Amino acid sequence: MPEDGPSGSGPAASGSGPAEPGPVRRERLLLAAALAEAGPDAATKCAGWDARDLAAHLVVREGRPDAAPGMVLSPLSFYTERVQRRTVRAVPFDRLVERFRQGPPKFSPYALPGVDKIANGVEFFVHHEDVLRARPEWRPRDISPELGEVLWRRIKIARFVLRKVQVEVTLVQPDGRSLRVSGRGPAGRRAGARGAVRVHGPVGELVLWALGRRDVADVRLTGDTDAVKTLTETGWSL
84 MPEDGPSGSG PAASGSGPAE PGPVRRERLL LAAALAEAGP DAATKCAGWD ARDLAAHLVV
144 REGRPDAAPG MVLSPLSFYT ERVQRRTVRA VPFDRLVERF RQGPPKFSPY ALPGVDKIAN
204 GVEFFVHHED VLRARPEWRP RDISPELGEV LWRRIKIARF VLRKVQVEVT LVQPDGRSLR
264 VSGRGPAGRR AGARGAVRVH GPVGELVLWA LGRRDVADVR LTGDTDAVKT LTETGWSL
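Here it is in structure tokens:
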């Protein structure tokens with residue numbers, strides 16, 4: 084049996100409330116609050132979507148596994164878009180936001196232990212910034228070290244997003260940590276690569292840049308002049 088502490092209460096009684104949510108859960112709550120505050124018709128930085136569309140996307144992503152493949156596979160996107168449009172029409176905005184805030188349904192793959200941290204950190208961060216940075220009064224926010232580590236561990240997704248980019252791209256944090264996300268690897272350039280570019284910035288800005296929010300990401304590009312030009316003229320998004 085655990086011994087009581089100096090106050091006479093055991094460890095189980097020493098807490099003052101529920102455990103603090105982890106960085107991904109906290110980002111979910113902040114995104115839900117930002118959507119609710121913005122309102123259904125608010126613009127976002129997710130091209131072509133207002134806040135209502137974004138809320139529907141988040142709910143469909145976690146609650147309709149049948150529609151999830153179309154979010155990454157273009158031939159199936161028509162079905163995903165149809166499900167999302169129906170969701171927008173059928174479910175009031177405030178209910179969409181509340182469904183998202185509460186988390187995935189029990190039957191969802193996203194409800195499995197560990198999946199939230201792996202699959203949702205980047206998703207929630209980027210869409211939170213999509214809402215915030217569309218506001219005229221937007222100001223940068225501080226990213227917790229915990230969320231920053233989650234983002235850095237998952238930033239490898241940029242290798243998929245940038246797979247067709249014809250230059251080598253290396254993402255570089257202010258502390259010097261770096262990750263090559265386009266190119267063959269340390270041994271040499273991918274065949275056909277047209278020079279190399281290093282993208283410098285805080286991890287949140289690197290994530291936004293890599294996932295297609297280049298117009299709002301605060302980063303600095305260095306490298307071969309022609310390679311930088313090629314990269315800035317290339318379009319991509321997730």
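Counting from 84, one number per residue, gives the positions in the sequence shown under the numbering used here.
Glycine residues also receive a C-beta, built at the ideal position from the N, C-alpha and C atoms.
Fair warning: this is a prediction, and the values are worked out from it, not measured in the lab.
Taking 8 Å as the threshold (beta carbon to beta carbon), is residue i in contact with chain B?
i	result
V180	No chain B is part of this structure, which consists of one protein chain only.
Check whether the Cβ atoms of residue i and residue j sit closer than 8 Å, and answer yes or no.
i	j	result
V282	V248	no
G122	A134	yes
V205	R237	yes
V209	V252	no
G278	D298	no
T170	V143	yes
R263	G284	no
V233	K200	yes
T313	V244	no
A125	A217	yes
A138	L195	no
Report buried or exposed for residue i, applying the criterion of at least 16 other Cβ atoms within 10 angstroms of its Cβ.
i	result
F190	exposed
K128	buried
S320	exposed
A300	buried
D225	exposed
G287	buried
W221	exposed
G318	exposed
E229	exposed
L114	buried
F207	buried
Over the uninterrupted alpha helix (DSSP H) stretch that includes residue i, give me the two end residues.
i	result
R263	R263 -> not in any alpha helix (DSSP H); beta strand (DSSP E) instead, spanning 261-265.
G204	198-215
Tell me, to the nearest whole angstrom, how far the beta carbon of residue i is from that of residue j; I am working on the premise that it is less than 8 Å.
i	j	result
D202	A241	The sequence shown places Ala at residue 202, not Asp. At roughly 16 Å, the Cβ-Cβ gap does not stay under 8 Å, so A202 and A241 are not in contact.
P104	E145	Not a contact, Cβ separation roughly 17 Å.
R147	V166	6 Å
So the beta strand (DSSP E) residue i belongs to, where does it begin and stop?
i	result
A279	279-283
Subject >> Three or more C-beta pairs below 8 Å linking the stretch 145-163 and the stretch 107-116 >> reply: no
Original post:
Does the stretch 211-227 touch the stretch 159-178, meaning 3 or more C-beta pairs lie closer than 8 Å?
Top reply: no
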